[in-house]
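**Q** Take this structure, written in structure tokens, and hold onto it; I'll ask about it next.
In UniProt numbering, the protein residues as written are 1 to 297.
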């Protein structure tokens, strides 16, 4: 698999909302924090990078702490987690050892806790098992998927088979296609989508399939005319039929008299469409429906 988050993808993502936020997170720090001094003394070739990253974490937590709009806070927090994960991987791979170090990773998690406690800001935290390094790679894959889905309309607006650097576009989409195929079986499942973290990096809808855009980049293809690959805009104009998904929860009566417990399997059915971003609204709506059913049982 192509190494995720290579600088070559900058050509595709430059100017997008995610790119701008990562650029903000990577901004050089004017004032260093004393808690980062311990990274100067680690016996690693990347100790200077670790020191700078520590100070950026402190600065970015200040940024997150100042956000008052809930949706903006969630958006920036998710990007913060993806950003720090990507920076850690790049730092480890830049060293002469080219391997992960659980002790160094643990130091970053500890200093993040120190910053959070000092700021009394507990709304956003990068968490990871320091021994499960496979998860770092998987989270980086999810970062790439999130960047693709989140900036889909931006990516496709100038993409066609006659674009400059069409080869870079193709390579990027092939990388995304590989990740898309890896995660789609779970994330396209109705139940798994709503009750997993798929909503943090995956969106449902046929128009998002990277293979569709890849076909648009083949000028000699019957499916391509050299026009912009505005697949999402074309599809969004069509009426999308609603789908239904049914969940069940178990509700039992209070057993005050210690008699056999009476329980019932209660269904909750919701309608949804795949042509709009509705993840948080649906999840919240489902929560309120279930709570109301329980209270009125």
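Here a beta-carbon is modelled for each residue, glycine too, at the ideal position from N, C-alpha and C.
Predicted model only: the values in this text are computed from it and were never measured.
1. Which residue from 211, 218 and 54 puts its Cα closest to that of residue 88?
2. Since residue 11 contacts residue 114 with CB under 8 Å, what's their CB separation in whole angstroms?
3. Within the continuous alpha helix (DSSP H) that includes residue 179, where are the two ends?
4. Let me know the secondary structure DSSP gives residue 148 once reduced to three states.
5. Is it right to say residue 210 is buried, meaning 16 or more other beta carbons lie within 10 angstroms of its own, or is it exposed?
6. When DSSP labels each residue in this structure, what does residue 12 get in the three-state scheme?
7. Please list the terminal residues of the continuous alpha helix (DSSP H) segment that includes residue 72.
8. Can you grab the Cα-Cα spacing for the pair residue 171 / residue 46, in whole Å?
9. So, helix, strand or coil for residue 159, using DSSP?
10. Under the three-state reduction of DSSP, which class applies to residue 198: helix, strand or coil?
11. Using the Cα positions of residue 124 and residue 149, report the straight-line distance between them to the nearest angstrom.
12. Pull up the distance between the alpha-carbon of residue 67 and that of residue 42, whole angstroms please.
13. Whole angstroms are fine: how far does the CA of residue 198 sit from the CA of residue 179?
14. Quick one: any contact between the stretch 19 to 38 and the stretch 58 to 74, if contact means 3 or more CB pairs under 8 Å?
15. With burial defined as no fewer than 16 other Cβ atoms inside 10 Å of the residue's Cβ, what is the status of residue 165: buried or exposed?
16. If you reduce the DSSP assignment to three classes, tell me which class residue 131 lands in.
17. Apply the 10 Å Cβ neighbour rule to residue 218 and answer buried if 16 or more other Cβ atoms are within range, or exposed otherwise.
18. Between which residues of its own chain and residue 51 is the CB-CB distance below 6 Å, once the five residues before and five after are set aside?
19. Nearest to residue 188 by CA position, among 204, 131 and 63, is which residue?
20. Taking Cβ positions, are residue 80 and residue 105 nearer each other than 8 Å?
21. With a CB to CB cut of under 7 Å and the five nearest residues on each side skipped, what residues in its chain are close to residue 76?
22. Use the C-beta contact count for residue 111: other C-beta atoms within 10 angstroms, 16 or more gives buried, fewer gives exposed.
23. If we count the other Cβ atoms within 10 Å of its Cβ and call it buried at 16 or more, is residue 122 buried or exposed?
24. With a threshold of 8 Å on Cβ separation, who are the neighbours of residue 62 within its own chain once the five nearest residues in sequence on each side are excluded?
25. Can you say whether residue 4 is buried or exposed, counting buried as having 16 or more other CB atoms within 10 angstroms of its CB?
26. Which of the three DSSP states is assigned to residue 20 in this structure?
**A** Inspection of the coordinates gives the following:
1. When C-alpha distances from residue 88 are compared across 211, 218 and 54, the shortest belongs to 54.
2. The Cβ separation is near 38 Å, so there is no contact.
3. Element bounds for residue 179: 166 to 187.
4. Residue 148: helix per DSSP, three-state reduction.
5. buried
6. The three-state secondary structure of residue 12, taken from DSSP, is helix.
7. 70 to 94
8. About 30 Å.
9. coil
10. helix
11. 22 Å
12. 34 Å
13. 13 Å
14. Cβ pair count under 8 Å is three or more, so yes.
15. exposed
16. coil
17. exposed
18. 36, 39 and 40
19. 204
20. no
21. Within the same chain, Cβ atoms closer than 7 Å to the Cβ of residue 76 are found at 21, 64 and 67, the five residues on either side in sequence being excluded.
22. buried
23. Flag for residue 122 reads exposed.
24. Cβ within range, chain order: 119.
25. Low local confidence applies: a pLDDT of 45 at residue 4 is under 50, so the model's placement there is unreliable, with the coordinate-based value given in what follows. Classification for residue 4: buried.
26. helix
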